[in-house]
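Enquirer:
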Amino acid sequence: MAETAHTKRVFSGVQPTGNLTLGNYLGAVKRFVEMQSADYQTIYCMVDLHAVTASWPGSEELRDNTRELAAAFIACGLDPSQSILFNQSQVPAHTQLGWVFNCVARMGWMRRMTQFKDKAGKNSEEASVGLFTYPALMASDILIYHATHVPVGEDQRQHLELTRDIAIKFNNDFGEPDFFPVPEPIIEGVATKVMSLRDGSKKMSKSDPSDMSRINLTDDADTIAKKFRKAKTDPEPLPETLEGLEGRPEAENLVNIYAALADMTPAAVIAEFGGQQFGQFKPALADVAVEKVGGIAARMSELMADKAEIDRILGKGADRAAEIAEPILDRTYEIMGFLQSR
Ligand code: AMP
Ligand code: TRP
Numbered sequence: 013m014a015e016t017a018h019t020k021r022v023f024s025g026v027q028p029t030g031n032l033t034l035g036n037y038l039g040a041v042k043r044f045v046e047m048q049s050a051d052y053q054t055i056y057c058m059v060d061l062h063a064v065t066a067s068w069p070g071s072e073e074l075r076d077n078t079r080e081l082a083a084a085f086i087a088c089g090l091d092p093s094q095s096i097l098f099n100q101s102q103v104p105a106h107t108q109l110g111w112v113f114n115c116v117a118r119m120g121w122m123r124r125m126t127q128f129k130d131k132a133g134k135n136s137e138e139a140s141v142g143l144f145t146y147p148a149l150m151a152s153d154i155l156i157y158h159a160t161h162v163p164v165g166e167d168q169r170q171h172l173e174l175t176r177d178i179a180i181k182f183n184n185d186f187g188e189p190d191f192f193p194v195p196e197p198i199i200e201g202v203a204t205k206v207m208s209l210r211d212g213s214k215k216m217s218k219s220d221p222s223d224m225s226r227i228n229l230t231d232d233a234d235t236i237a238k239k240f241r242k243a244k245t246d247p248e249p250l251p252e253t254l255e256g257l258e259g260r261p262e263a264e265n266l267v268n269i270y271a272a273l274a275d276m277t278p279a280a281v282i283a284e285f286g287g288q289q290f291g292q293f294k295p296a297l298a299d300v301a302v303e304k305v306g307g308i309a310a311r312m313s314e315l316m317a318d319k320a321e322i323d324r325i326l327g328k329g330a331d332r333a334a335e336i337a338e339p340i341l342d343r344t345y346e347i348m349g350f351l352q353s354r
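Sequential numbering from 13 applies to the sequence shown in the working numbering.
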């Protein structure tokens, strides 16, 4: 089978839960765009089935969040003629392979997942079963395409480890040593964990109750400038050396954000701004943020003005995705012995 040669294929997913942040952009979408120009086939998915594991936003909201995420992807530079862009629920092979992986993954593996513990909180008896088995569906998202590379932020590292364990166990248990590739997480660069602007020990998140804790891709220039101006810092000026950032999480976060936005190293940022007060650095940071992400919101609303076109793009993406996924699902069923007589 040609598929077992494991051509370089990138897959990643983002939940359509509304309001992409600068963390999503720098940790994920910007890197999706960079990989698009490299020599990979790239597949990017709006994981709408995952987006209902914590709560259901309502049908119209879910549809619109999915379209809005597609608009954000395109506005950030993903090109539907180069990358396959689609939403997960339109390709049933994800859930079909997800069931198989529910039977491959072990309870003990799932119980170790820290994201479940974080999201379920104290009252885990009330969490949905879907939230618990979420990582098996995520493994399926990746492996149903025999994807070899998965760009994600740091918070997804453990889920990627689990995906690798599932691939290895499937291959061993069913006697097909090379059937599923063991995919590589791509967690690189200075922005794999962008922190909250209000608390340097918490990651920047869509779901943080404080809007001041994050930059949303839909924020206008004034809002971006205000949020950076009010970002928590310590009273010291920026250090003259990189080592001087140790123990100063808020300062380190702002330096890393600048570096990621300007495509510089943190050392180069320190070389330029070391010794300056935050009163000088923050406006420079706001400028580079406005320059790099300030135009995304306007492009998104242009795209959202034609929802039918977005739906058409996603439908076409789903057709292309299904063409890759279906033969892999068929072969999985054949390997396991599920009788398929029609
Ligand atoms: P989510 O919004 O949870 O579906 O995340 C989509 C992608 O963005 C994943 O690859 C995450 O790892 C990444 N991501 C989310 N928040 C951050 C953050 N604060 N810093 C870096 N990457 C992030
Ligand atoms: N769990 C990921 C997140 O919350 C989203 C996701 C679902 C994903 N399936 C995926 C990411 C497959 C990479 C590959 O960010």
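Even glycine gets a Cβ: it sits at the ideal position worked out from N, Cα and C.
So, helix, strand or coil for Phe240, using DSSP?
Expert: Position 228 of the sequence shown, counting from 1, holds the residue named residue 240. Helix.
Enquirer: Using a threshold of 6 Å, is the CB atom of Lys205 nearer than that to any non-hydrogen atom of the ligand AMP?
Expert: Residue numbering aside, residue 205 sits at position 193 when the sequence shown is read from its first letter. Yes - the ligand AMP has a heavy atom lying nearer than 6 Å to the Cβ of Lys205.
Enquirer: If Cys115 sits next to Val41, beta carbons under 8 Å apart, how far is it from one beta carbon to the other, in whole angstroms?
Expert: On the sequence shown, residue 115 is found 103 positions in, with the first residue counted as 1. On the sequence shown, residue 41 is found 29 positions in, with the first residue counted as 1. Rounded, the Cβ-Cβ distance is 33 Å, inconsistent with contact.
Enquirer: Please state the DSSP three-state secondary structure of Gln352.
Expert: Against the sequence shown, residue 352 aligns to sequence position 340. The answer is coil: DSSP assigns Gln352 none of H, G, I, E or B.
Enquirer: For the ligand AMP, I want to know if Asn36 counts as a neighbour, meaning its beta carbon is within less than 6 Å of at least one of the ligand's heavy atoms.
Expert: As a working note, residue 36 is residue 24 in the sequence shown. Yes - the ligand AMP has a heavy atom lying nearer than 6 Å to the Cβ of Asn36.
Enquirer: Beta-carbon within less than 6 Å of Ser225's beta-carbon, same chain only, minus the 5 sequence neighbours each way: which residues are those?
Expert: In the sequence shown, the residue the question calls residue 225 occupies position 213. Closer than 6 Å at Cβ, skipping near neighbours: Ser208, Leu209, Arg210.
Enquirer: What does the alpha-carbon distance come out to for the pair Ala359 and Thr253?
Expert: Absent from the model: residue 359. The displayed extent of the chain is 13 to 354, so no value can be given.
Enquirer: For the beta strand (DSSP E) that Gln48 lies in, which residues bound it at each end?
Expert: Residue 48 sits at position 36 when you count from the first residue of the sequence shown. Not the beta strand (DSSP E): Gln48 falls in the alpha helix (DSSP H), residues 42-48.
Enquirer: Within its chain, find whatever has a CB closer than 6 Å to the CB of Pro38; leave out the 5 residues flanking it on each side and keep chain order.
Expert: Walking along the sequence shown from the start, residue 38 turns up at place 26. Per the sequence presented here, residue 38 reads as Leu, with Pro not at that position. So the qualifying residues of the chain are Ala203, Val206, Ala272.
Enquirer: May I have the straight-line CA-CA distance separating Arg354 from Pro189, to the nearest angstrom?
Expert: In the sequence shown, counting from the first residue as 1, residue 354 sits at position 342. In the sequence shown, counting from the first residue as 1, residue 189 sits at position 177. If I take the Cα positions, the gap works out to 28 Å.
Enquirer: If you measure between the beta carbons of Thr78 and Asp91, is that distance less than 7 Å?
Expert: Taking the first residue of the sequence shown as 1, we reach residue 78 at position 66. Taking the first residue of the sequence shown as 1, we reach residue 91 at position 79. It is not a contact, given that the beta carbons lie outside the stated cut-off.
Enquirer: First and last residue of the beta strand (DSSP E) that includes Val162?
Expert: By one-based count along the sequence shown, residue 162 stands at place 150. Taken as a continuous stretch (DSSP letters only), the beta strand (DSSP E) holding Val162 covers 161-163.
Enquirer: Could you say which of Thr33, Gln53, Leu32 lies nearest to Ala367 if we only look at CA atoms?
Expert: No statement about residue 367 is possible, as the shown extent of the chain runs from 13 to 354 and does not include it.
Enquirer: In whole angstroms, what is the alpha-carbon distance linking Leu250 and Asn36?
Expert: Counting from one through the sequence shown, the residue named residue 250 turns up at place 238. Counting from one through the sequence shown, the residue named residue 36 turns up at place 24. Near 26 Å, if we compare the C-alpha coordinates of Asn36 and Leu250.
Enquirer: Give the straight-line distance between the Cα atoms of Asp76 and Ala309, rounded to the nearest whole angstrom.
Expert: Within the sequence shown, numbered from 1, the residue matching residue 76 stands at position 64. Within the sequence shown, numbered from 1, the residue matching residue 309 stands at position 297. Looking at the two C-alpha atoms, the distance is approximately 15 Å.
Enquirer: For Phe113, which residues from the same chain have a beta carbon less than 6 Å from its beta carbon, with the 5 sequence-adjacent residues on both sides left out?
Expert: For the purposes of this step, residue 113 is identified with residue 101 of the sequence shown, where counting begins at 1. Taken in chain order, the residues that qualify are Ala148, Ala151, Ser152, Ile178.
Enquirer: If you reduce the DSSP assignment to three classes, tell me which class Lys319 lands in.
Expert: For the purposes of this step, residue 319 is taken as residue 307 along the sequence shown, with counting starting at 1. Note: Lys319 maps to helix in three-state DSSP.
Enquirer: Which runs of the alpha helix (DSSP H), 4 residues or longer, sit entirely within the segment 169-245?
Expert: Listed in chain order, they are 169-185, 233-241.
Enquirer: Met216: beta carbon under 6 Å from a heavy atom of the ligand AMP?
Expert: Here residue 216 refers to the residue found at position 204 of the sequence shown. Yes, the ligand AMP has a heavy atom inside 6 Å of this Cβ.
Enquirer: Does the distance between the C-beta of His161 and the nearest non-hydrogen atom of the ligand TRP fall short of 6 Å?
Expert: Translated into the one-based positions of the sequence shown, residue 161 becomes position 149. No, the Cβ of His161 stays beyond 6 Å of every heavy atom of the ligand TRP.
Enquirer: So which of Val267, Gly329, Ala330 has the shortest CA-CA distance to Glu284?
Expert: For this step, residue 284 is matched to residue 272 along the sequence shown. Closest option to Glu284, Cα to Cα, is Val267.
Enquirer: Using a Cβ-Cβ cutoff of less than 8 Å, which residues in the same chain neighbour His106 once the five nearest sequence positions on both sides are dropped?
Expert: What you label residue 106 is simply residue 94 of the sequence shown in a count that begins at 1. Excluding sequence neighbours, His106 sits near Leu61, Gln100, Leu149, Ser152, Asp153, Ile156, Ala337.
Enquirer: Quick check on the burial criterion: 16 or more other C-beta atoms within 10 angstroms. Buried or exposed for Thr344?
Expert: On the sequence shown, position 332 is the one that residue 344 refers to. That one is buried.
Enquirer: Does the Cβ of Gly327 have 16 or more other Cβ atoms within 10 Å, making it buried, or fewer, making it exposed?
Expert: The sequence position of residue 327 within the sequence shown is 315, counting from 1. Exposed, because fewer than 16 other Cβ atoms sit within 10 Å of the Cβ of Gly327.
Enquirer: Using DSSP with H/G/I as helix, E/B as strand and the rest coil, what is Asn99?
Expert: Residue mapping note: residue 99 aligns to position 87 of the sequence shown, counting from 1. Strand, per DSSP.
Enquirer: Taking Cβ to Cβ, would you say Pro195 is nearer than 7 Å to Ala159?
Expert: Your numbering for residue 195 matches position 183 in the sequence shown. Your numbering for residue 159 matches position 147 in the sequence shown. Their beta carbons are under 7 Å apart, which means Pro195 touches Ala159 by this criterion.
Enquirer: When every heavy atom of the ligand AMP is checked, does at least one fall within less than 6 Å of the C-beta of Val26?
Expert: Residue numbering aside, residue 26 sits at position 14 when the sequence shown is read from its first letter. The answer is yes for Val26.
Enquirer: Give the secondary structure of Met58 by DSSP, where H, G and I count as helix, E and B as strand, and everything else as coil.
Expert: Along the sequence shown, one-based indexing puts residue 58 at 46. Looking at Met58 - three-state DSSP - the assignment turns out to be strand.
Enquirer: Distance, Cα to Cα, Glu262 vs Asp223?
Expert: Taking the sequence shown and counting its residues from 1, one reaches residue 262 at position 250. Taking the sequence shown and counting its residues from 1, one reaches residue 223 at position 211. Distance between the alpha carbons of Glu262 and Asp223: 17 Å.
Enquirer: Please work out which residues of its chain come closer than 8 Å, Cβ to Cβ, to Ala280, disregarding the five sequence neighbours upstream and downstream, and give them in chain order.
Expert: Here the question's residue 280 lines up with position 268 in the sequence shown. Same-chain partners within the cutoff: Ala271.
Enquirer: Identify the continuous beta strand (DSSP E) that holds Ser24 and give its terminal residues.
Expert: Position 12 of the sequence shown, counting from 1, holds the residue named residue 24. Unbroken beta strand (DSSP E) run through Ser24: 21-26.
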